[in-house]
Structure formats: C-alpha cells, structure tokens
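*Asks:* Let me give you the structure first, and then I'll get to my questions.
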Amino acid sequence: MSIQKINSQPAFSGKLSANTVKKFAEALGDNGLKTAGKFRAGKNKHDNIDVIYHSYPEIDIYKGKIPMTDTYMEVSNSHSKKPPVRLLLAKGKMPFGQDMLDLIRVKMKIVDKLKNKTKV
C-alpha cells in the first residue's frame, strides 16, 4: 500500500506580473523576490496578476482636496478575448508583503467563480 500526497493547489495557476514581482523585490529584497516568483493563485495558468495603486482626489468640506490611494489587483489573460478584471484589494495603500499575497489568493477564488459564471 502506498501513501499518496494530496496537493490542494490546482495544477495550473496564474502568476504575478513582472512589474509586481519587481515591486516585491524592491520592498522586501531577495526574500520578497523568491516569494513573489514562486507565488501562484487561481485556476488558469495564463492568468497574469498585477497590483495597481490608483490615486484620486477626494473632496473634503473643510480642507479641500485630499489625495487618496487605493490598492487594486488586475487579472488579465493573454489567451482570452475578454478584458482584464480589476478587484479592490484595500482602501488605502497596502504594503507589499505576505498579507497582500494571502489577500490576492482569496480574491483569485472570487475571480475564478466570476469567470465560470460568465461562460456560455
């Protein structure tokens, strides 16, 4: 009788874009580069995950315009005709780290469910 290891990760999974891996390397050094390079999430191997900071002015009644920054993840697929999907990761600027990778993994489950629902 042989014991078989069960891997809960899907065989094919998306990866972080080159720009995002570079940002992890700048923020965390060599350890961040290794972690981001090995990171996989989602079910499609052609998914490319990019972390985007979006800045916009928010109007305050008392102080005028205040700059705000939100953190988004954008999932694109080079083999698909559909446009990229953008999801909000956090209100405010989220630092690069393990917390961000865990949140991306959770959000990729939502993206996979959305993709499966929209198939005709």
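Throughout the sequence shown, residue numbering follows numbering that gives the first Met the number 0, covering 0 to 119 in sequence. Glycine included, each C-beta is placed from N, C-alpha and C at the ideal position. What you are looking at is a predicted structure, and each value in this text was computed from that prediction instead of being measured.
Can you round the beta-carbon distance between K14 and R39 to whole angstroms, since I take them to be within the 8 Å contact cut?
*Replies:* As a working mapping, residue 14 is identified with position 15 in the sequence shown. As a working mapping, residue 39 is identified with position 40 in the sequence shown. Correct: roughly 6 Å between the Cβ atoms.
*Asks:* Rounded to whole angstroms, how far is the Cβ of S54 from the Cβ of P66, which I believe are closer than 8 Å?
*Replies:* Residue 54 sits at position 55 when you count from the first residue of the sequence shown. Residue 66 sits at position 67 when you count from the first residue of the sequence shown. With a Cβ gap of about 6 Å, S54 and P66 count as contacting.
*Asks:* Just to confirm, are I103 and I48 a CB contact at a threshold of 8 Å?
*Replies:* Position 104 of the sequence shown, counting from 1, holds the residue named residue 103. Position 49 of the sequence shown, counting from 1, holds the residue named residue 48. Yes.
*Asks:* For M0, which residues of its own chain have a beta-carbon under 6 Å away from its beta-carbon, when the five flanking residues on both sides are left out?
*Replies:* Reading the sequence shown from its first residue, position 1 is the one you call residue 0. Confidence at M0 is low in this model, with a pLDDT of 49, below 50, so its placement is unreliable and the value that follows should be read with caution. Excluding residues within five positions, none has a Cβ falling inside 6 Å.
*Asks:* With the cut-off set at 8 Å, would you say S12 and K42 are in Cβ contact?
*Replies:* In the sequence shown, residue 12 corresponds to position 13, counting from 1. In the sequence shown, residue 42 corresponds to position 43, counting from 1. Going by C-beta atoms, S12 is nearer than 8 Å to K42.
*Asks:* Would you identify the three-state DSSP class for K44, choosing helix, strand or coil?
*Replies:* Along the sequence shown, read from residue 1 onward, the residue named residue 44 stands at position 45. Here K44 sits in coil by DSSP.
*Asks:* Helix, strand or coil for M67 per DSSP?
*Replies:* Translated into positions along the sequence shown, residue 67 becomes position 68. If DSSP states are grouped into helix, strand and coil, M67 belongs with the strands.
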